[in-house]
Structures are given as structure tokens and as C-alpha cells.
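The structure appears right after this line, and notes come after that.
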Amino acid sequence: MGTPARTPSRDKLVHLRDESVKAFQASENLVERSFNQARLVASLAAGLLLVGFLLVAQMRGQATFSGSLERQSDQNLAIIIEQLTAENNVLRSEVARLQMRLLEAGQATEDRARLLNEATKELNAVSVVAGLEAASGPGVVVTIADPERVLLPQDFVRLVHELRGGGAEAIAVNAVRVSATSGFSGGSGRIELDGTTLARGYEVIALGEPGNLTQSLELPGGLKSTLATFPGVTVDLTKSDDLSVPAAAARDFSVGTPVEEAQ
Amino acid sequence: MLALVLALALGVTLGLLTNFSVPVAWLTYLGVAVLAAIDACLGGIKASLEETFDDKVFVSGFLTNTLMAAFIVFVGDRIGVRELYLAAVVAFGMRVFENLGDVRRLLFRRWGWE
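Same order as they appear, the protein sequences are chains A and B.
Under this note's numbering, the residue at position 28 of the first sequence is numbered 31, and the numbers go up by one with no gaps.
Under this note's numbering, the residue at position 45 of the second sequence is numbered 48, and the numbers go up by one with no gaps.
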């Protein structure tokens, strides 16, 4: 009973085993072949990638080379040198021309700046001298005490003149600016400057080089010693580096007009 | 096949993008080397179509051919036979055309056009 049934099943098993072995070998082959194929494609692809890259690099290098001077013939090189030399000369003369212009322009600017500078300085000086503006700087303070009222306006006129002689640029008496049109007046112990009565105890401020100003007043036989001979009058000189005088009162010029100079 | 075309295109794109340029002094060497590389690639394609491709043979051939090509030109320069590079160019050029013809025939056979 058992034998006939057993034989086919055994054959079947053997057949099955052979089949599976074959299938395994086939799949193994397939794996190996696909592996080989992958290696083939990979190495060829790497080679071609390199070829493509080098090809482009080579073309670019060649393009640079054909544009370079090494490719030119001797004749062409001579012509190129000639052209470049001529161009160079033109450019060099252009540079020289432009440098000259730059120099000229710089000089013109300098001249103009100097003129402007001088004009500004002059204007400032004129403003100070004319008393148009308040001024400050080094100078001397002349303090005069006259308890017995013996001083006359002309003493102050002389004082102002002496100070101007000593280089005073701006003078103020009791904080009233002495300008080009100022005048001292008064009498009987009363001194007026441009209509302002000066209080007793005069303080004269003069801007200028302090040494020169002091010297002009303290000369032997100078104003200081002259004033000191009057009874009760004392004169003190103090140098200072930082003094200031106010601007003169504004004044209308209605009579005189400048005369135009014939050119 | 498509992968190979893509690889070539990728190489060209890479070359264009990186803006790499061969120094002028190396131009002749690399020119012949590139020719040798093209020859090696065609030989590899031919071998793969004949199903005799071996990656070791291909890689070693690729490297030695390119290096030797450049070296021959270099030697020619050194010994005063500058025209030696012509020999390399002729040899590799002929091989390139031979391989190209073989590849063409093999492809025809494979596609059944013959």
C-alpha cells in the first residue's frame, strides 16, 4: 500500500530539489551578471564623464591660446608692437597735458583761495578798525583816576592817538567804542565821548600787541608821565590776553557819498 | 546606453560650470590625452557590446593610455622632436575611427539592421 504511494512523492521531492537548485543558480547568475553590468556602466560612465570635462577644459584653454600673442606671426607681432607704441605715446602725451591742466587748475584755485582769504582778512581788519563789530584779543587796560577833575577832552584825544600810534586796533573808553568818527567833547571836568558822558574813573581798553601799547605810553616823557604830573591823577597799565570791546553805535551816513574812481 | 550619454553630458556641464581652463603650457599634452581617453571609452563600449568587457582592463587601459599619450608628447618636446605628438595623434585618431566603426557595426547587429 505504502510503496506505490511513496515512490511518486520521492520523485517529486527530487524533482523539486533539482528545480530549486537550478532556480538558485539562475538567480545567482542573474545577480552576478547585473553586478557585472553595473560595474561596466559605472566605469564607462566615469570615463566618459572625465572625457566630457577634459574636452571642455581643453576647448577653453585652446580658445585662450588662440587669442594669445604666442600664436601670432613675427610680422603680426611687429605690427602689434608698433601700434601699441604709438598708442602708448599718444596716451603719454595725454597724461602730460592733463597733468599740466591739473597744475594750472590747482594754481588758479590757490590764487582764488588766497585772494578770498586776504579779502576776508582785510574785511575783518576794516570792521575792527571802523568799529563795526565787537572785537576781542590781547591788549592793555589803562585805568585813570581823576578825583580832582583836571583832565580835559584833549587829554583823551592824545591818549587815543598815542594808543593808535602803539598799534591799537580797537579802543573803548568806559565800554564806549572809539570809532573812526568818534570825538571827545565836554568841559569843566566833564568828558563826553560821542555824546555819552563818561563816568569818573576811566577805564580805557585798547586791543593790540600789549608790549608795544605799554611802551608807547610809558616812554620817558610819554603820556603816562605827563598825565601823572596833574594833581591827583593816577594812571595804571594792565596787560591782558583776553579783552573785548563792544561795537560802535550804528551811524547813518547821509551827507557824504563815495566818489567813484575813474578807471 | 542612456547612462553613458548622461555621464558625457554631465561631464560637459561640469566643465562648463566650473570654468576650469587648461594652462596654455599643458594644451598639447592634454589634447593628446583627451584623444587617448576618447579612444579608451570607445574601446570599452565596443568590448561591452562584444560582451568581453572587463572593468579592470578598461580602467587600467584608460589611465595608461592617457598618461602615456601625454608622456610621449612630453618626451618629444624634451628631445627636440616636437612632431612626436603627431605620431600619437595619428595612432589614437586611427584607433578612434576603427573603434567607432566596430561599435557602429556591433550596434547594427544588435538591433538587427544587418
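The beta carbon of each residue, even a glycine, is placed where N, CA and C say it ideally should be.
First through last residue of the beta strand (DSSP E) which encompasses residue i
{"i": "Ile148/A", "result": "First, the residue type needs correcting, since residue 148/A is Ala and not Ile in the sequence shown. Where Ala148/A is concerned, the enclosing beta strand (DSSP E) stretches over 138-148."}
{"i": "Val176/A", "result": "173-176"}
With 16 other Cβ atoms within 10 Å as the buried cut-off, status of residue i
{"i": "Met4/A", "result": "Bear in mind that a pLDDT of 45 at Met4/A, under 50, signals an unreliable position, so the number given afterwards is only what the model happens to contain. Flag for Met4/A reads exposed."}
{"i": "Gln61/A", "result": "buried"}
{"i": "Asn79/A", "result": "exposed"}
{"i": "Ser46/A", "result": "buried"}
{"i": "Val194/A", "result": "In the sequence as presented, Val is not what sits at residue 194/A; that position holds Ile. The residue in question, Ile194/A, is buried, as its Cβ has 16 or more Cβ neighbours within 10 Å."}
{"i": "Leu126/A", "result": "exposed"}
{"i": "Phe27/A", "result": "exposed"}
{"i": "Asn92/A", "result": "exposed"}
{"i": "Phe65/B", "result": "buried"}
{"i": "Thr31/B", "result": "buried"}
{"i": "Gly192/A", "result": "exposed"}
{"i": "Leu275/A", "result": "Beyond the ends of chain A as shown, which are 4 and 266, falls residue 275/A; an answer cannot be given."}
{"i": "Pro261/A", "result": "exposed"}
{"i": "Gly50/A", "result": "buried"}
{"i": "Asn68/B", "result": "buried"}
{"i": "Ser51/B", "result": "buried"}
{"i": "Phe111/B", "result": "exposed"}
{"i": "Leu222/A", "result": "exposed"}
DSSP-derived helix/strand/coil call for residue i
{"i": "Phe27/A", "result": "helix"}
{"i": "Asp21/A", "result": "helix"}
{"i": "Thr273/A", "result": "The question about residue 273/A has no answer here: the residues shown for chain A are numbered 4 through 266."}
{"i": "Arg85/B", "result": "coil"}
{"i": "Leu246/A", "result": "strand"}
{"i": "Phe68/A", "result": "helix"}
{"i": "Glu195/A", "result": "strand"}
{"i": "Ser76/A", "result": "coil"}
{"i": "Phe187/A", "result": "strand"}
{"i": "Val238/A", "result": "strand"}
{"i": "Gly5/A", "result": "Only weak support exists for where Gly5/A lies, its pLDDT of 46 falling under 50; the coordinates are left without a value."}
{"i": "Val179/A", "result": "strand"}
{"i": "Thr229/A", "result": "helix"}
{"i": "Thr55/B", "result": "coil"}
{"i": "Thr260/A", "result": "coil"}
{"i": "Arg108/B", "result": "helix"}
{"i": "Glu101/B", "result": "helix"}
heavy atom of the ligand FAD below 6 Å from residue i C-beta
{"i": "Met103/A", "result": "Of the ligands one can find in the structure shown there are none, so the ligand FAD has no counterpart to examine."}
Bounding residues of the alpha helix (DSSP H) (the contiguous stretch that carries residue i)
{"i": "Glu206/A", "result": "Looking at the DSSP string, Glu206/A is not in any alpha helix (DSSP H); the run it does join, the beta strand (DSSP E), is 205-210."}
{"i": "Ala39/B", "result": "30-52"}
{"i": "Asp158/A", "result": "156-168"}
{"i": "Ala10/B", "result": "5-21"}
{"i": "Ser24/B", "result": "Premise fails: Ser24/B is in no alpha helix (DSSP H) and is neither H nor E."}
{"i": "Leu216/A", "result": "213-221"}
CB contact check: residue i to chain D, cutoff 7 Å
{"i": "Ala10/B", "result": "Among the chains of the structure shown, chain D does not appear; the protein chains present are A and B."}
Worksheet item: Along the stretch 47-74 of chain A, what residues have a CB closer than 9 Å to any CB found in chain B?
Response: Leu47, Ala48, Ala49, Gly50, Leu51, Leu52, Leu53, Val54, Gly55, Phe56, Leu57, Leu58, Val59, Ala60, Gln61, Met62, Arg63, Gly64, Gln65, Ala66, Thr67, Phe68, Ser71, Glu73
Worksheet item: Is the stretch 152-165 of chain A touching the stretch 6-22 of chain B in the sense that three or more CB pairs, one from each, lie closer than 8 Å?
Response: Result no; under three Cβ-Cβ pairs closer than 8 Å.
Discussion item. For the pair the stretch 136-147 of chain A and the stretch 246-254 of chain A, tell me if three or more CB-CB distances fall below 8 Å.
Written reply: yes
Worksheet item: Given 8 Å as the limit, is there contact between the stretch 87-105 of chain B and the stretch 37-52 of chain B, that is, 3 or more CB pairs closer than that?
Response: yes
Discussion item. With three or more beta-carbon pairs closer than 8 Å as the criterion, would you say the stretch 65-79 of chain B touches the stretch 24-41 of chain B?
Written reply: A contact exists between the stretch 65-79 of chain B and the stretch 24-41 of chain B.
Worksheet item: According to a CB-to-CB cut-off of less than 9 Å, which residues of the stretch 80-113 of chain B neighbour chain A?
Response: For the stretch 80-113 of chain B, no residue has a beta-carbon sitting nearer than 9 Å to a beta-carbon of chain A.
Item to complete: Please list the residues of the stretch 27-43 of chain B that have a C-beta atom closer than 8 Å to any C-beta atom in chain A, keeping them in chain order.
Response: Val27, Trp29, Leu30, Leu33, Gly34, Ala36, Val37, Ala40, Ile41, Ala43
Discussion item. Please list, in chain order, the residues of the stretch 90-104 of chain A that have any C-beta partner in chain B closer than 7 Å.
Written reply: With the criterion set as a beta carbon lying under 7 Å from some beta carbon of chain B, the stretch 90-104 of chain A has no members that meet it.
Worksheet item: Taking a cut of 8 Å between CB atoms, which residues from the stretch 15-27 of chain A lie near chain B?
Response: none
Discussion item. Counting only Cβ-Cβ distances shorter than 7 Å, please list the residues of the stretch 29-44 of chain A near chain B, keeping chain order.
Written reply: Arg42, Leu43, Val44
Worksheet item: At a cut of 8 Å, does the stretch 105-121 of chain A reach the stretch 176-189 of chain A through at least three beta carbon pairs?
Response: no
Worksheet item: Do the stretch 7-27 of chain B and the stretch 211-228 of chain A meet, that is, are 3 or more Cβ pairs less than 8 Å apart?
Response: no
Fill in: Residues of the stretch 44-68 of chain B whose Cβ lies closer than 7 Å to any Cβ of chain A, in chain order
Cys44, Gly47, Ile48, Ser51, Phe56, Asp58, Phe61, Val62, Phe65
Item to complete: Taking a Cβ distance cut-off of 9 Å, strictly less, list which residues of the stretch 13-25 of chain B are near chain A, in chain order.
Response: Cβ contacts with chain A come from Leu13, Gly14, Val15, Thr16, Leu17, Gly18, Leu19, Thr21, Asn22, Phe23, Ser24, Val25.
Discussion item. Tell me whether the stretch 142-149 of chain A and the stretch 195-210 of chain A touch, counting them as touching only if at least three CB pairs, one residue from each stretch, are closer than 8 Å.
Written reply: yes
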